[in-house]
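Residue numbers (my numbering): 92 to 276.
Working notes for the structure below.
Quick look at the structure:
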């Protein structure tokens, strides 16, 4: 990004940056979904899977922290926040969908029906969206614990991510206003 301040950017530059952000977010989402469908998830559940799951949650937390810092320094904080939400939520959804897919492959009785990868992704989205149609239901303690953790992580993510991202946007907007008030020579 150039050192130009937001008000000095031309309309075409705004459109170019917005298009670039949308393209970048779209590529991130597509790559994460492609990775989800490409990974070997139809295998027995192993203890290492829980380490991978925990590491995945840690990666999401670190990504959020990095994004908050990037948003606070951004000349276009709202756009940067939208990118962060698109990538972060997709990563969280793919992480849980992958976990459900592995559980369902190893213990088919864990859910009310067999889960394909698309079913696992669908179930994950219905839980995150708090829709819960009831067509797929966790039946075993393991599946219920993971689903409950997803509900709690989803609620936490919604509140914390919204607060952190909006706070970072506010910091950047205030900084920009101060820069406009006291321009550097």
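C-beta atoms are modelled at their ideal positions from N, C-alpha and C, and glycine is treated no differently.
Pick out whichever of 231, 174 and 150 has its Cα sitting closest to the Cα of residue 161. 174
Can we say the stretch 238-256 touches the stretch 211-220, given the rule of at least three CB pairs closer than 8 angstroms? yes
CB contact flag (residue 197, residue 138, <8 angstroms): no
Residue-chain proximity (residue 191, chain C), Cβ-Cβ < 8 angstroms: Absent from the structure: chain C. Only one protein chain is present.
Since residue 221 is in the alpha helix (DSSP H), which residue starts that stretch and which ends it? Note, residue 221: premise wrong, no alpha helix (DSSP H); not H, not E.
Same chain, Cβ closer than 7 angstroms to residue 234, neighbours up to 5 away in sequence not counted: If we look at residue 234 and ignore the five residues flanking it on each side, its Cβ neighbours are 194, 201 and 202.
How should residue 159 be labelled, buried or exposed, when 16 other C-beta atoms within 10 angstroms of its C-beta is the threshold for buried? buried
Is the separation between the beta-carbon of residue 182 and that of residue 143 shorter than 8 angstroms? no
In or out: residue 165 buried (at least 16 other Cβ within 10 Å) or exposed? So residue 165 ends up on the buried side.
If you run the structure through DSSP and keep just helix, strand and coil, what is residue 135? Three-state result, residue 135: coil.
Would you say residue 190 and residue 121 are within 8 angstroms of each other, going by their C-beta atoms? Cβ atoms of residue 190 and residue 121: not closer than 8 angstroms.
From the DSSP secondary-structure annotation, give me the bridge partner or partners of residue 229. Per DSSP, 202.
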